[in-house]
Amino acid sequence: MAHSHIKPEEAREMIRSNRWNKPTSGVANGYTQANLVILPKELAFEFLLFCQRNPKPCPVLDVTEPGSPIPELAAPSADLRTDLPGYRIYREGKLAEEVREITSYWKNDMVAFLLGCSFSFEKALLQNNITVRHIEEKCNVPMYKTNIDCVKAGRFEGPMVVSMRPIPEKDVVRAVQVTSRFPSVHGAPVHIGHPEAIGIGNLDSPDFGDRVTIKEGEVPVFWACGVTPQAVAMNVKPELVITHSPGHMFITDWTDEKFGIL
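Counting in my numbering, the sequence shown runs from 33 upward without gaps.
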């Protein structure tokens, strides 16, 4: 992919100038991508506690100062109002609209959370010759709500969302080993095979993202997913929550290896 080797600031400039409006999997390979959740300050502590209690689906990478759209640690030259290719606006727990930038929605009491994203370990899978199907098929990763409950914190509670990648049977153990090196970006899978055991009825009908082909001899492998806060936001029904559109991530200045453990 032509955009796999560009630097994060170049990728964000392309996004800001509307030259990239697709999912970011495979863009600026090797740099950590992040899920985005923006909440009013009065909910921020409860949400931080929810993340702390649910580190698999909600690994916190950076939190902005109240009212600031600048992620000072992850990318101090970036602006979270414009530097993602797609945003979702939730009102009272319902998806109200999808937009390209959120400058007009931003308020002075908002706090933005950047959470680890499984796109970050995909480069490591590819380096181990493990195919990543949604990159191969140039679509978004399939994501599903499960019957696995997150640990409640304040008003925040709800089901874990998982992302799925079909892995050849012979490579499943290696895929677990590779991704377990990246606990800050969801780490090892939460489930392997048997989607019905975690409440997924039909792999061809993901709740978020796109369906992908599962070939003979492949096993569906499920990782905790940073779209979980969107499912939880639907339960909590705050007046306003802003998130990334699934698959349309924030690209940080950090390299994935910063979060890998040897």
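Where is the CB? At the ideal position from N, CA and C, for every residue including glycine. Computed from a predicted structure; not experimentally measured.
Three-state class that DSSP yields for residue i in the structure shown
i       : result
Ile-232 : coil
Ala-207 : helix
Asp-285 : strand
Glu-41  : helix
Thr-64  : strand
Pro-227 : helix
Val-95  : strand
Val-217 : helix
Ile-70  : strand
Buried versus exposed call for residue i [16 or more other C-beta atoms within 10 Å across all chains shown]
i       : result
Gly-233 : exposed
Gln-159 : exposed
Pro-108 : exposed
Val-194 : buried
His-37  : exposed
Gly-148 : buried
Ala-361 : Because residue 361 is not part of the residues shown, which for the chain are 33 to 294, the question remains open.
Arg-123 : exposed
Gly-186 : exposed
Gln-262 : buried
Arg-85  : exposed
Glu-133 : buried
Gly-190 : buried
Ser-152 : buried
Span of the beta strand (DSSP E), counted from its first residue to its last, around residue i
i       : result
His-276 : 273-276
Pro-261 : From DSSP, Pro-261 is part of no beta strand (DSSP E) but of the alpha helix (DSSP H) over 260-268.
Val-28  : Residue coverage of the chain in this structure runs from 33 to 294, which leaves residue 28 outside it and unanswerable.
Residue i versus residue j: straight-line alpha-carbon distance, rounded
i       : j       : result
His-226 : Pro-252 : 8 Å
Gly-58  : Lys-155 : 8 Å
Leu-157 : Lys-39  : 21 Å
Pro-278 : Glu-129 : 13 Å
Ile-283 : Cys-257 : 17 Å
Gly-62  : Lys-177 : 28 Å
Ile-70  : Asp-115 : 14 Å
Ser-216 : Pro-91  : 6 Å
His-280 : Phe-291 : 21 Å
Asp-285 : Ser-150 : 16 Å
Leu-242 : Glu-104 : Checking the displayed sequence, the identity of residue 242 turns out to be Asp instead of Leu. Straight-line Cα distance between these residues: approximately 33 Å.
Lys-269 : Lys-247 : 39 Å
Ala-250 : Gly-231 : First, the residue type needs correcting, since residue 250 is Glu and not Ala in the sequence shown. Cα to Cα, Glu-250 sits roughly 20 Å from Gly-231.
Start and end residues, alpha helix (DSSP H) containing residue i
i       : result
Ala-144 : Run containing Ala-144: none in the alpha helix (DSSP H); it sits in the beta strand (DSSP E), 142-148.
Phe-82  : 73-85
Original post:
Considering only residues of the region 99-125, which uninterrupted beta strand (DSSP E) runs meet the minimum length of 3 residues and lie entirely inside it, listed in chain order?
Top reply: 119-123
**OP:** Please go through the region 150-205 and give each complete alpha helix (DSSP H) segment of 4 or more residues, from N-terminal end onward.
**Re:** 151-159 and 165-168
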